[in-house]
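Take a look at the structure set out below.
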Amino acid sequence: MRVLYDHQAFTLQDFGGVSRYHHELLCHANWQSELAVALSNNLYLRDGKYSRHRTFLPNSSLPARWRVIRYFNQRASRQALRRGEFDVFHPTLADDDYFLDLLAPEQPLVVTIHDMIPALFPEHYPDRDAGVLTRIVQRASRIITVSENTRADVLRLLPVAPERVRVVYHGYADREYSSSGPTLALPERYVLFTGSRALYKNFGCLVEALALLPPATAQGLHLVCAGGGPFSAPERELLHRTGWAERAHQFGPVSDAQLNQLYRQAQVFVFPSEYEGFGLPILEAYGQQCPVLLSEASCFPEIAREAALYFPPNQPVALAEQLARLLTDTHLRRYLVRLGQLRLLDFTWQYTARRTREVYEEACQDNRLSVVSTQATSPIPALEL
């Protein structure tokens, strides 16, 4: 079986969850793979094992850099599609439907939908064309979602038949792609928040909850944020208003080793987001034996199950109560760490790759049956007498 992957995630991301997902598929594939990328600064492709690409101004912040990379990569992907030397086409994002006119009717298309955030929070994505995803899923032979929760959202929000949608969970591997960098100087006791803090990530709820902690529990406690950029003016104002400005720290970007250090030394990792498609940081925390506190929203109960504490989203009082429990109960933290280690066994990239191959095979089988059916129902030309 030959699978063609296009450029999109590796054009847009120097690192990140979606490009890491596709790179792990390439690493664990038991099929022939082609990644149509000409230029990329993606961290996961640096070893050159899965593509014959070049980097392009990797340390530059010029806006034109991205346009050049996109031009050459889309040309490479178009050329690979025209050659047609594949059994399945799997675009790495569903943000652009440029490939629809290049696929023959008999060529299977498999697409992974990681979340339905743009459809659920359209006010945050005013420039997005909602019709692109609709056109892609209507053409797709199979649709992969990364959780049952995301599958339910897809079926509710998009015109697709349930039998074409398969759930394939992400995996976890404790590997380091980036150079280690220096060990971070961290507070002795801190609550960890990772990634973007904007929009539905609900960072404000965590800050409000920290301000509600009993003084004895909050004594000597800090807030550490990894990634997401420097604190914005509204965030700084909130931290000042709640009295946490002097105890809030932002690190980033951080290396894989530094991120592991942040999880490993934290008292607790808090993920207050209102919505996620899967929640890969949960597995990252489990991997470093860090207790996890989650909002009881979207896919979180599905992924973490009993290996986390929960609070109702957007309720700082409830979050403060659960946070205080974890900060003061050493036995509870150890218990959650043990459960997290057990839960982590359910998520491997080997399993993800095996299930993904099954979806590819289903897509190929469906397309073969469709071609046979079309041929069988084609009108028989009249005989000339």
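By full-length UniProt numbering, the letter at position 234 of the sequence shown is numbered 234, and the numbering carries on one by one without gaps. All C-beta atoms, glycine included, are put in the ideal place defined by N, C-alpha and C.
- Taking Y263 as part of the alpha helix (DSSP H), name the residues at either end of that continuous run. First-last of the alpha helix (DSSP H) with Y263: 256-265.
- Taking Cβ positions, are L344 and L283 nearer each other than 8 Å? yes
- Would you grab the beta carbon distance between A247 and H222 for me? Rounded to a whole angstrom, and I think it's under 8 Å. Before going further, note that residue 247 is Arg rather than Ala in the sequence given. About 5 Å separates the two Cβ atoms, so the contact holds.
- Since L192 is in the beta strand (DSSP E), which residue starts that stretch and which ends it? 189-194
- Query: Tell me which same chain residues have a C-beta within less than 7 Å of the C-beta of V207, skipping the five on either side of it?
  - Reply: L238, L239, T242, W244
- Query: Counting Cβ pairs closer than 8 Å, one from the region 103-117 and one from the region 47-60, do we hit at least three?
  - Reply: no
- Identity of the residue in G171, E276, L332 nearest H22 by Cα: Ranking the options by Cα distance to H22, first place goes to G171.
- What are the start and end residues of the alpha helix (DSSP H) that includes H331? 330-344
- Task: Per DSSP, which residues does T248 bridge with? Please list them.
- Result: In the sequence under discussion, the amino acid at residue 248 is Ala, which differs from the Thr named in the question. A248 is bridged to L223.
- What is the rounded straight-line gap between the Cα of A185 and the Cα of D87? Rounded to the nearest angstrom, the two C-alpha atoms are 50 Å apart.
- So what's Y125 in DSSP terms, helix, strand or just coil? Here Y125 sits in coil by DSSP.
- If you compare alpha carbons, which of T55, D329, F251 is closest to Q267? A check of alpha carbon separations from Q267 across T55, D329, F251 identifies D329 as the nearest.
- Message: Suppose the cutoff is 7 Å on Cβ atoms and the five residues either side in sequence are ignored; what does the same chain contact list for Y98 look like?
- Response: Answer for Y98: Q74, listed in chain order.
- Range of the contiguous alpha helix (DSSP H) that encloses E284: 280-287
- Query: Would Y263 be called buried (16 or more neighbouring beta carbons within 10 Å of its own) or exposed?
  - Reply: Buried: at least 16 other Cβ atoms inside 10 Å.
- Given a cut-off of 8 Å, decide if N367 and P162 are closer than it, judged by their beta-carbon atoms. no
- Could you spell out the range, first to last residue, of the alpha helix (DSSP H) harbouring S19? 17-28
- Task: Taking W349 as the reference, give the member of G17, L25, P187, M1 with the closest Cα.
- Result: L25
- Query: So, G252 versus G229, is the Cβ gap smaller than 8 Å?
  - Reply: yes
- Run the CB neighbour count on residue 420, radius 10 Å, all protein chains shown included, and call it buried at 16 or more, exposed below. As displayed, the chain neither begins before 1 nor continues past 385, which places residue 420 out of reach and without an answer.
- Query: Could you give the distance in angstroms between the alpha-carbon of F89 and the alpha-carbon of R355?
  - Reply: 16 Å
- Query: If you draw a straight line from the alpha carbon of V18 to that of G220, how long is it in whole angstroms?
  - Reply: Going from the Cα of V18 to the Cα of G220 covers about 37 Å.
- Compute the Euclidean distance between the alpha carbons of A152 and P215, then round it to the nearest angstrom. 42 Å
- Selection from A209, A257, A233 that minimises the alpha carbon distance to V270: Of all alpha-carbon atoms in A209, A257, A233, the one lying nearest the alpha-carbon of V270 is that of A209.
- Task: Tell me, to the nearest whole angstrom, how far the beta carbon of D167 is from that of L155; I am working on the premise that it is less than 8 Å.
- Result: Note that residue 167 is Val in the sequence shown here, rather than Asp. So it is not a contact: roughly 11 Å between Cβ atoms.
- Message: Assuming the contact rule is C-beta atoms closer than 8 Å, L213 and L293 should be a hit. Round their C-beta distance to whole Å, please.
- Response: Between L293 and L213 the Cβ distance is about 13 Å, and since that is not below 8 Å, they are no contact.
- Item | Cβ neighbours of E306 in the same chain (closer than 7 Å, five flanking residues each side left out) | L339
- Is any heavy atom in the ligand PLP found nearer than 7 Å to the beta carbon of F311? The model depicted lacks the ligand PLP and carries no ligand whatsoever.
- CA nearest to the CA of T134, picked from P122, S141, L158, Q250: L158
- Residues in its own chain within less than 6 Å of Y177 by CB, not counting five upstream and five downstream? Cβ within range, chain order: L43, Y44, D256.
- Query: Comparing alpha-carbon positions, which option in Q315, F347, V191 lies nearest T217?
  - Reply: V191
- Close-in-space but distant-in-sequence residues of the same chain around F10 (CB under 6 Å, 5 per side omitted): Excluding residues within five positions, the ones whose Cβ falls inside 6 Å are S19, V37, S40, N42.
- State the Cα-Cα distance for the pair A320 and R54, rounded to the nearest angstrom. 49 Å
- Query: Start and end of the alpha helix (DSSP H) containing F300?
  - Reply: 300-304
- Message: Taking a contact to mean a Cβ-Cβ separation below 8 Å, would you say T194 touches G227 in this structure?
- Response: It is a contact, given that the beta carbons lie within the stated cut-off.
- Which of helix, strand or coil does DSSP assign to P34? First, the amino acid is wrong: residue 34 is Glu here, not Pro. Note: E34 maps to strand in three-state DSSP.
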